[in-house]
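Student:
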Amino acid sequence: MATPDVFGPGTSERFYSKTINSPRLNPSSKETQESLKRSFARYLASDHGSSAIGKLFDPNKHLAYEEPKYIHTMQDIGFPATKGVSPVAVSEPFHLFSEDAVNIMRAEILDPEVQEKYSYTSDIAPKQLRGYAPKHGKFIFEAWKHPETLSIISKIAGIDLVPVMDYEIGHINMSIPGEKKEYDNSVMNSEEDEEAIVGWHRDSYPFVCVLMMSDTNGMVGGETALRTGTGEIKKVRGPQKGCAVVLQGRYIDHQALRAFGGQERITMVTSFRPRSPGLRDDTVLTTVRPISNLSDLYGQTIEYQLENAEARIRQMLKNVRDSMKAGATDVSSIKSFLDFEIRTMTHLNNEIVDESLVQKGHLAEVCKDAASAKRNKVE
Ligand SMILES: [Fe+2]
1 MATPDVFGPG TSERFYSKTI NSPRLNPSSK ETQESLKRSF ARYLASDHGS SAIGKLFDPN
61 KHLAYEEPKY IHTMQDIGFP ATKGVSPVAV SEPFHLFSED AVNIMRAEIL DPEVQEKYSY
121 TSDIAPKQLR GYAPKHGKFI FEAWKHPETL SIISKIAGID LVPVMDYEIG HINMSIPGEK
181 KEYDNSVMNS EEDEEAIVGW HRDSYPFVCV LMMSDTNGMV GGETALRTGT GEIKKVRGPQ
241 KGCAVVLQGR YIDHQALRAF GGQERITMVT SFRPRSPGLR DDTVLTTVRP ISNLSDLYGQ
301 TIEYQLENAE ARIRQMLKNV RDSMKAGATD VSSIKSFLDF EIRTMTHLNN EIVDESLVQK
361 GHLAEVCKDA ASAKRNKVE
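Read in full-length UniProt numbering, the sequence shown has 349 at position 349, and its numbers run on one by one without any break.
(1) Just to confirm, is the Cβ distance from isoleucine 169 to leucine 129 under 8 Å?
(2) If we call anything under 8 Å between Cβ atoms a contact, is aspartate 203 one with serine 276?
(3) Secondary structure at valine 245, three-state DSSP: helix, strand or coil?
(4) Can you tell me which residues form a DSSP beta bridge with serine 292?
(5) Apart from the five residues just before and just after phenylalanine 141, which ones in its own chain have a Cβ nearer than 6 Å to its Cβ?
(6) Buried or exposed for glycine 221, going by 16 or more other Cβ atoms inside 10 Å?
(7) Going by C-alpha distance, which of Tyr167, Ile313, His347 and Ala364 is nearest valine 269?
(8) From phenylalanine 79 to methionine 345, what distance separates their C-alpha atoms?
(9) Could you have a look at threonine 149 and say whether DSSP puts it in helix, strand or coil?
(10) What residue from Glu365, Gln263 and Arg227 has the CA that sits closest to glutamine 255's CA?
(11) Using the beta-carbon count (16 or more within 10 Å), is valine 187 buried or exposed?
(12) Counting by C-beta, which residues lie closer than 5 Å to a heavy atom of ligand 1, in chain order?
(13) Are the CB atoms of histidine 95 and tyrosine 65 nearer to each other than 8 Å?
(14) Using the three-state DSSP reduction, which class does proline 274 fall into: helix, strand or coil?
(15) Going by the beta-carbon positions, is the gap between leucine 161 and valine 210 smaller than 8 Å?
(16) Which ranges would you report for the beta strand (DSSP E) in the stretch 102-167 if only whole runs of at least 3 residues count?
(17) DSSP three-state label for serine 214, please.
(18) Return the chain-ordered list of same chain residues with a C-beta closer than 6 Å to the C-beta of aspartate 322, the five sequence neighbours on each side being excluded.
(19) Taking only the alpha-carbon atoms, compute the straight-line gap between leucine 150 and glycine 327 and give it to the nearest angstrom.
(20) Are serine 214 and isoleucine 159 close, meaning C-beta to C-beta below 8 Å?
(21) Starting from the C-beta of tyrosine 304, find all residues in its chain whose C-beta is less than 6 Å away, skip the five residues before and the five after it, and write them out in chain order.
(22) By the DSSP assignment, the beta strand (DSSP E) with lysine 335 in it spans what residues?
(23) I'd like to confirm the pairing. Which residues does DSSP put opposite serine 175 in its beta bridges?
(24) Roughly how many whole angstroms lie between the Cα atoms of glycine 231 and serine 91?
(25) Tell me, please, which residues DSSP counts as bridged to residue 398.
(26) Restricting to Cα atoms, I'd like to know which of Thr267, Gly84 and Ser332 is closest to lysine 127.
(27) Between which two residues does the alpha helix (DSSP H) harbouring lysine 61 extend?
(28) Report yes if the C-beta distance between histidine 234 and isoleucine 77 is below 8 Å; otherwise report no.
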């Protein structure tokens, strides 16, 4: 595990994370399938396993998982393995959902009420849909909360993940079909962002899974561009319909490049954080505050952060009581717990910006650093 756990060794959290998340890259297909089966069995056996299973999403019918051909590590792209919360940087596209599943998802997001009530626009992305699930996206909600889906995403990410919060389930980026333009392969040699569907940025959340919801036949471009630790630009192939990419987007500058061919390009981005409340969570709200219903965003952020704090406090209380019974108070573990809580709560406090100071749709300023080619090579 790349990130130290505040609880220290010997807790069930640590055991769980180790068993499900051994970040072995690119094993054989048979090994992967067997390993996934074991991971999933453990996931179901854990107390988090059964709560999200609903009636609409059937993994046997709606998952069409095929392992990614390659998973690029942080070190592969010139970053230290410990820069983020996992040694994994980005996967090659892999098949995740069946055609049938994606078509159900499309019907949910193309609903006129969703298009009307949940649309956002910003200065780095022309059209996005946010916050419509679960009310108007029940199938989408179940699909991303299902333990079998989470087991797959976690396995690829090399760390046990859960959706950051319900509000971030099924964020949609849409590019509107325009005139057919000729594909210019030199686009990445310039710093022009005109060709990007979403400009240079770092995500607010540790991991994302980007799902392609459009038919990509005849589409050219549509890759994800990453800025590596040496400042070079690396493109990862765009996924086809039903396929997805997992990216540790909080720690890597990236942009979604425009697709050429004149057809629609709809992607669904679901964000994830470490499941363990004892692991570092570098979540910020910078890239989402200006395009969110702040009441929902702040409410759900505080809710999950307090749940995590509650779990840590209960665990620490148990440790302190046990150590008092044994007549030995562990000062260094108390101090490390308090340091972690102070850091976490201070960080959270900074993210809850007064509503009057949030400028709707203004993201270019936030993403200025990411857009600069002069950004420090390795941070
Ligand atoms: Fe992103």
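For every residue, glycine included, the Cβ atom is placed at its ideal position computed from N, Cα and C. None of the values given here were measured: they were computed from a predicted structure.
Tutor: From the atom records:
(1) no
(2) no
(3) strand
(4) None, per the DSSP bridge assignment.
(5) Ala133, Pro134 and Ile169
(6) buried
(7) Tyr167
(8) 28 Å
(9) helix
(10) Arg227
(11) Its pLDDT being 37, under 50, valine 187 is placed unreliably by the model, and the measurement read from it follows with that caveat. The residue is buried, with at least 16 neighbouring Cβ atoms inside 10 Å.
(12) Asp203 and Gly249
(13) yes
(14) strand
(15) no
(16) 161-163
(17) coil
(18) none
(19) 42 Å
(20) no
(21) Met165
(22) Per DSSP, lysine 335 belongs to no beta strand (DSSP E); it is in the alpha helix (DSSP H), 331-351.
(23) Arg265
(24) 20 Å
(25) The chain is shown only over 1 to 379; residue 398 falls outside these bounds and no answer can be derived.
(26) Thr267
(27) 59-62
(28) Reading off the sequence, residue 234 comes out as lysine, not histidine. Contact flag set, yes.
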